[in-house]
Amino acid sequence: MARFTRHIEKKHGVKLPTYDELHQWSVDHSAEFWESIWQDFSIIHSQPYNTVIKNGDAFHNTQWFVGSRLNYAENLLRRRDEHIALVAYLDNGQRTSITYKALYEKVNALAHHFKEQGITVGDRIAGVVANTIETVIAMLATTSIGAIWSSCSPDFGISASLDRFSQIQPKILMAVDGYYYGSKTIDCIDKVVALHEQLAVTQTIVIPLLNKQNEHTLANHKSIITWQAIMQKNTASELVFEQLPFNHPLFILYSSGTTGKPKCIVHSAGGTLIQHIKEHRLHTDLDDKDVIFYFTTCGWMMWNWLISSLACESTIVLYDGNPLVTDNVLLDIIDKEKISVFGSSAKFFDMLNKKNIYANKNHSLDSLKTILSTGSPLVAERFEYIYSSFKKDILLASISGGTDIVSCFLLGNPTLPVYAGQLQSAGLGMDVQIFNEQGESITQEQGELVCTQPFPCCPIGFWNDENNERFIQAYFSRFPNIWAHGDYAERTAQGNYIIYGRSDTVLNPGGVRIGTAEIYRQVEKIASVKESIAVGQQWDDDERVILFVVMQDNVTLDSAIIDSIRAMIRTNTTPRHMPAKILQVSDIPKTHSGKITEKAVNQIVNYNEKKIGLSVDQFISNIDTIQNPESLNAYINRPELLS
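What follows is the structure in structure tokens.
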């Protein structure tokens, strides 16, 4: 970041002594900034651009690097030597690795097979896949020929997978035969066959994670073949990377789908590539000497973000399974693989803290320089825990963005101090502001996180969205021609940011807007509480706060614990934050990427009185979008919510 700043100063004859001034320059001189990213980090292209930015009639119609042609996969496979590209672990301890040279060769083999099957530019290839080397090969082979990659993790049910993939009509399905999770071995072959038939794909390729013999099951399906059959072919010719416009579709990602069919969000090759290169090289300080390990599944956008770091020629470590199959499994990998950048969800660090695990007691962590956290707000107390239990001389970066932009609005910065509970900076080139209800920019107040200028990783749109109607409604209806991200946030006196939760789940008792993270931050201080979820219940022409808590093992919620929760909230927040009811539940519903789903609980709580006696699937239309749907039973028919 410091080198880049000096380069910009010299190249453009400006003085930028602070990050705030560099950031302001990057949004005031957007074309010059993004052109510098393209040039300074040597984006591989076959045809140069003639215009960096061509403004359209609306924010989302802005065109970037007009006239250029490139290929995303080619930029990730620029290195072709014996350096290790990928290391993969399963939670049963199995380890595999592959060099950049071998990765290119396997991508070449699969890409040639796709072409033999008639796959052409713009076709979709879908994956029900684990976080393994084969999945990375499949994505790179797909994008190398101009097809579009879309994936979900194998723990999705058949209905949840169909809700996503039936909308995009893939021609080929990549599917793992099963996966390991903790002590369980989950066989997926029957699911694979069902998806093959119901999606009507021309071919399904089975990736052998369990390595079971499935010939009997697959005997009647000649269009289902194995990964091994493709890799055994001889591929003599070199891979020709399809050269495509900057805005060519690359990935289709999905909204959670908790309250309706998932939205299919289409991301561009050029926008994704240049944004990820900026975030990796500048904000994460990643280069060819680094080893990066981010715990994620293939159904979370952090997987796409992680794999793009191949463009930095780094080594990526993958992990598939339960991150707490043993208390130290991920920590052991940090030492064994000499990880320099480690990331996971805020919930993972919460669990380590609750288990009183101190990584530095049994691990050297000598290689570790950066820890990343996302998925939900990382509270101030967790910053303190990480610095005391990992290392004092690391950069701890809480980052925030999402599936919508397959990247970040707010993230780390190696040149700035870290403030507990705060996100260090807005990303370069991203004109992030906080708006009040009137659409005025505010600081040191809570409001809507917006981006007021176009950016390259803005989605192309939603799949099958005529005239972009749903897309515009989702992001541009709150403030016309300004991206409203749906986060409730604040810019602090230090110029950093705090995320309080999603705007659509913000609590509103007495007309005062409260982010749920403000309540969670206090409840997490109560040692007897494992986790919690807060929602607003419509009550007496107003809204009251309902707090559900999961207790630690062998602990029952009683009046003393309720009093301690109330005291903690009262002391550290306001009377408006006080829950009207505090109720015990056995579990909290989560999406397949591990995020708590407040929307589902909100639906139940606000229809509880009207729907007494109904089952979970009558409350929630897309039950398969929830990782643990049985947890919802604890919220239904609660008599406490009727008084």
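Numbering-wise (the working numbering), the sequence shown opens with residue 1467 and increments by one. We put the CB at the ideal spot given by N, CA and C, even for glycine.
With contact defined as three or more Cβ pairs closer than 8 Å, the segment 1520-1527 and the segment 1899-1916 are not in contact. With 16 or more other CB atoms across the displayed protein chains lying within 10 angstroms of its CB, residue 1657 is buried. Counting along the chain, residue 1494 sits inside the alpha helix (DSSP H) bounded by residues 1485-1494. Note that the segment 1731-1742 does not touch the segment 1846-1853; fewer than 3 beta-carbon pairs, one per stretch, sit closer than 8 Å.
The segment 1829-1837 makes contact with the segment 1795-1812; the number of CB pairs closer than 8 Å reaches 3 or more. Taking C-beta atoms as the reference points, residue 1538 and residue 1586 fail to come closer than 8 Å. Residue 1535 is bridged by DSSP to 1513, 1711. With a cutoff of 8 Å on beta-carbon distance, residue 1590 and residue 1711 are scored as not near each other.
A straight-line Cα-Cα distance of about 14 Å links residue 1666 and residue 1593. For residue 1605, there is no enclosing beta strand (DSSP E); the residue is part of the alpha helix (DSSP H) that begins and ends at 1599-1610. With contacts defined by Cβ atoms closer than 8 Å, residue 1874 and residue 1893 form a contacting pair. Closest in C-alpha terms to residue 1577, from the list 1556, 1696, 1599, comes 1696. Under the three-state reduction of DSSP, residue 1781 is assigned to strand.
For the pair residue 2026 and residue 1996, the Cα-to-Cα distance works out to about 16 Å.
Residue environment for residue 2045: buried (at least 16 other C-beta atoms within 10 angstroms of its C-beta). In this structure, the straight-line span from the alpha carbon of residue 1502 to that of residue 1744 is close to 10 Å.
Taken atom to atom, the span from the alpha-carbon of residue 2067 to that of residue 1507 is near 45 Å. Runs of the beta strand (DSSP E) spanning 3 or more residues and lying entirely within the segment 1803-1836 occur at 1807-1811, in chain order. Under the three-state reduction of DSSP, residue 1678 is assigned to coil, being neither helix nor strand.
Scanning its chain for C-beta atoms nearer than 7 Å, with the 5 sequence neighbours on each side dropped, one finds around residue 1825 the residues 1797, 1831, 1855, 1856, in chain order. A direct Cα-Cα distance of roughly 38 Å separates residue 2058 from residue 1497. Within the segment 1538-1576, the runs of beta strand (DSSP E) that reach at least 3 residues and sit entirely inside it are, in chain order, 1550-1556, 1561-1565. Look at residue 1840 here: in three-state DSSP terms it is strand. Restricting attention to alpha helix (DSSP H) runs no shorter than 4 residues, the segment 1922-2003 encloses them at 1935-1941, 1982-1989, ordered along the chain.
CA-CA distance, residue 1562 to residue 1958, rounds to 45 Å. Look at residue 1619 here: in three-state DSSP terms it is coil, with no helix or strand label. In this structure residue 2034 is in contact with residue 1988, their Cβ atoms being roughly 5 Å apart against a cut-off of 8 Å. Distance from the CA of residue 1934 to the CA of residue 1713, rounded to the nearest whole angstrom, comes to 16 Å. Between residue 2013 and residue 1998, the C-beta gap is smaller than 8 Å, which places the two residues in contact. For residue 2044, DSSP assigns no beta-bridge partner whatsoever. Contact annotation: residue 1543 and residue 1606 have beta-carbon atoms nearer than 8 Å.
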